[in-house]
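S.K.:
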Ligand code: NAD
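In the numbering used here, the protein residues as written are 357 to 771.
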């Protein structure tokens, strides 16, 4: 196994490739790479069994020159400051690629939600927000769900923030519909992954999605909705792996049945009767047309990238590929659509939720979907044009577009 690279260093090496194309000076690079603010908080929580446990949480606000900083909150045992810093900077570039008026932030708490009760998770979320609330809010930093957090978590975020600041639903997105959540938000990231996959597979590679074989890592929010929309477009989802195991079926898995199975069997695809179980370590080498990592960071690296057989890789997760994997894909002629474009559907609809909350408006799902698709397809065309102009990878092209927008905004505001 290759050692997991420092994630922030990895993101910054990708940044430097784009900065080279733009000819950015060292001082501008330094300015654009460095997070605006980083906060670490400790949260003592009285657990249900009466013991006291101290949790560590982070919030990194990377850049806010184009608007309030925006980013998810994740709960995971492996969370650390380096990971949160990297993901915050990716959010700066992601919001800039799709040209919505937000900057980038990210938060995380080192914990194992699978071993915590709802009550403990609520206490943890409230403590996290109460410690950070002075730097959060609709015009400063807006939270959203991410790994192991969901609409319920965002309801607690909104409530705790509101205790000190009054009713401000725009302080978080991905909320339940009953509390000002947006129609279409839950499916937005996966739907965006499917739209970008269609544009790349049909529009760039010139192949038809009908019958195309898709393999996914992750069948949570992003993976399951991406699978559902791609199946709806005629593709065959032939293999899926998650934290509990992996299943495959060459004729195509029944995606709605798999989603029901995951809901009813403690959140994993393992044991799904409509497919054959296989070793998740073999996922990357499955024969397929489209590979979608939609779970963890840095899973495509010097070891796994050479085994990939798909001509198209679409990054549903944040930072699933290392720079080493990028190099291997480039050399092997595999088209990679980067996270900051492919998984931007969620932040686009989060932006819609924020707008609706600020204006006290509610849009129909069809309106949300139509607007999401329009922004995403425009961003896809913008990145494609940059890739053609500079003869570079799609990752570098997306970063060139984003860096240029952030640099220009920064210049206009004054350094
Ligand atoms: P989720 O918690 O809903 O699902 C995570 C999935 O990853 C689950 O299927 C889980 O079983 C799987 N997984 C966890 N550990 C694994 C392992 N060791 N091996 C294989 N699979 C494993 O999370 P999500 O919201 O779907 O997020 C997935 C990825 O997409 C993350 O990188 C996240 O940052 C990114 N993302 C999410 C959104 C969003 O709107 N939710 C937006 C943009 C990017």
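The beta-carbon is built from N, C-alpha and C at its ideal position, and this holds for glycine as well.
Mind checking whether residue 402 and residue 459 have CB atoms under 8 Å apart?
M.R.: Counting from one through the chain shown, the residue named residue 402 turns up at place 46. Counting from one through the chain shown, the residue named residue 459 turns up at place 103. Cβ atoms of residue 402 and residue 459: not closer than 8 Å.
S.K.: Grab the span of the beta strand (DSSP E) containing residue 401 for me, first residue to last.
M.R.: Mapped onto the chain shown, residue 401 falls at position 45. Start and end: 393–402.
S.K.: Using three-state DSSP, classify residue 458 as helix, strand or coil.
M.R.: In the chain shown, the residue the question calls residue 458 occupies position 102. It is coil, neither helix nor strand.
S.K.: On the DSSP bridge list, what partners appear for residue 363?
M.R.: As a first step, residue 363 must be located in the chain shown, where it is residue number 7. BP columns for residue 363 are empty, so no partner.
S.K.: If distances are taken between C-alpha atoms only, which option among 736, 530, 511 and 477 comes closest to residue 553?
M.R.: Here residue 553 corresponds to residue number 197 of the chain shown, with the count starting at 1. When only C-alpha atoms are compared, the closest one is 736.
S.K.: DSSP three-state label for residue 605, please.
M.R.: The residue given as residue 605 occupies position 249 in the chain shown. If DSSP states are grouped into helix, strand and coil, residue 605 belongs with coil.
S.K.: Using a 10 Å radius around the Cβ and a threshold of 16 neighbouring Cβ atoms, would you call residue 771 buried or exposed?
M.R.: Within the chain shown, the letter at position 415 stands for residue 771. With fewer than 16 Cβ atoms within 10 Å of its Cβ, residue 771 is classed as exposed.
S.K.: Quick one: what's got a C-beta closer than 8 Å to residue 644's C-beta in the same chain, skipping five residues either side?
M.R.: On the chain shown, position 288 is the one that residue 644 refers to. Result list for residue 644: 569, 570, 571, 594, 595, 665 and 666, in chain order.
S.K.: Once you ignore the five residues that flank residue 517 on each side, which residues in its own chain have a CB closer than 8 Å to its CB?
M.R.: Position 161 of the chain shown holds residue 517. Closer than 8 Å at Cβ, skipping near neighbours: 485, 489, 492, 493, 524, 527 and 528.
S.K.: Below 8 Å, can you find three or more Cβ-Cβ pairs linking the region 706–715 to the region 494–502?
M.R.: As far as the Cβ criterion goes, the region 706–715 touches the region 494–502, which means the pair count is three or higher.
S.K.: Would you say residue 694 touches the ligand NAD, meaning its beta carbon is less than 7 Å from a heavy atom?
M.R.: Along the chain shown, one-based indexing puts residue 694 at 338. No; taking the cut-off as 7 Å, the Cβ of residue 694 has no heavy atom of the ligand NAD nearer than that.
S.K.: As a quick exercise: from 725, 437, 575 and 685, pick the residue whose alpha carbon is nearest that of residue 538.
M.R.: Looking up residue 538 in the chain shown gives position 182. Selected option, being the one with the closest Cα: 725.
S.K.: For a quick check, are the C-beta atoms of residue 427 and residue 379 less than 8 Å apart?
M.R.: Taking the chain shown and counting its residues from 1, the one referred to as residue 427 is at position 71. Taking the chain shown and counting its residues from 1, the one referred to as residue 379 is at position 23. No.
S.K.: Which of helix, strand or coil does DSSP assign to residue 693?
M.R.: Within the chain shown, residue 693 is the residue found at index 337, counting from 1. Three-state DSSP puts residue 693 in a strand.
S.K.: How about residue 603 and residue 631: are their beta carbons less than 8 Å apart?
M.R.: Here residue 603 refers to the residue found at position 247 when the chain shown is read from its first residue. Here residue 631 refers to the residue found at position 275 when the chain shown is read from its first residue. Contact flag set, yes.
S.K.: Please state if the CB of residue 480 and the CB of residue 763 are separated by a distance shorter than 8 Å.
M.R.: Reading the chain shown from its first residue, position 407 is the one you call residue 763. Reading the chain shown from its first residue, position 124 is the one you call residue 480. No. Outside cutoff.
S.K.: Return yes when at least one heavy atom of the ligand NAD lies under 7 Å from the C-beta of residue 628, else no.
M.R.: As a first step, residue 628 must be located in the chain shown, where it is residue number 272. Residue 628: no, Cβ never under 7 Å from the ligand NAD.
S.K.: Compare the Cα-Cα distances from residue 457 to each of 756, 607 and 420 and report the closest residue.
M.R.: Stepping through the chain shown from its first residue, residue 457 is reached at position 101. Answer by Cα proximity: 420.
S.K.: What are the boundary residues of the alpha helix (DSSP H) that includes residue 595?
M.R.: Taking the chain shown and counting its residues from 1, the one referred to as residue 595 is at position 239. No alpha helix (DSSP H) contains residue 595, which is instead part of the beta strand (DSSP E) from 592–598.
S.K.: In whole angstroms, give me the CA-to-CA distance for residue 642 and residue 412.
M.R.: As a first step, residue 642 must be located in the chain shown, where it is residue number 286. As a first step, residue 412 must be located in the chain shown, where it is residue number 56. Computed Cα separation, rounded: 38 Å.
S.K.: For a test of your reading of the model: does the CB of residue 616 fall under 7 Å from any non-hydrogen atom of the ligand NAD? Yes or no.
M.R.: Along the chain shown, read from residue 1 onward, the residue named residue 616 stands at position 260. No, since every heavy atom of the ligand NAD falls outside the 7 Å radius drawn around the Cβ of residue 616.
S.K.: Leaving aside the five residues before and after residue 599 along the sequence, list all residues of the same chain whose C-beta is less than 7 Å from its C-beta, in chain order.
M.R.: Stepping through the chain shown from its first residue, residue 599 is reached at position 243. The answer, listed in chain order, is 624.
S.K.: With DSSP collapsed to three states, give me the class of residue 641.
M.R.: As a working note, residue 641 is residue 285 in the chain shown. Note: residue 641 maps to helix in three-state DSSP.
S.K.: Hey, is residue 657 close to the ligand NAD, as in C-beta under 7 Å from one of its heavy atoms?
M.R.: Residue numbering aside, residue 657 sits at position 301 when the chain shown is read from its first letter. The answer is no for residue 657.
S.K.: Between 670, 703, 755 and 675, which lies nearest to residue 363 when the distance is taken from Cα to Cα?
M.R.: On the chain shown, position 7 is the one that residue 363 refers to. Comparing Cα positions, the closest option is 675.
S.K.: Return the chain-ordered list of same chain residues with a C-beta closer than 8 Å to the C-beta of residue 366, the five sequence neighbours on each side being excluded.
M.R.: Taking the first residue of the chain shown as 1, we reach residue 366 at position 10. 442, 654, 675, 678 and 679.
S.K.: What three-state label does DSSP hand residue 429 in the structure shown?
M.R.: Looking up residue 429 in the chain shown gives position 73. Of the three classes helix, strand and coil, the one that applies to residue 429 here is strand, per DSSP.
S.K.: Counting Cβ pairs closer than 8 Å, one from the region 694–703 and one from the region 541–558, do we hit at least three?
M.R.: The region 694–703 is in contact with the region 541–558.
S.K.: When you measure from the CB of residue 564 to every non-hydrogen atom of the ligand NAD, does any distance come out below 7 Å?
M.R.: By one-based count along the chain shown, residue 564 stands at place 208. For the ligand NAD, not one heavy atom lies less than 7 Å from the Cβ of residue 564.
S.K.: Looking only at its own chain, which residues have a Cβ that is under 7 Å from the Cβ of residue 357, when we skip the five neighbours before and after it?
M.R.: Counted from its first residue, the chain shown places residue 357 at position 1. Confidence is the limiting factor: at residue 357 the pLDDT is only 41, short of 50, which leaves the residue's position unreliable and the question unanswerable from this model.
S.K.: Over what stretch of residues does the alpha helix (DSSP H) that includes residue 707 continue unbroken?
M.R.: Position 351 of the chain shown, counted from the first residue, corresponds to residue 707. That run of the alpha helix (DSSP H) goes 701–715.
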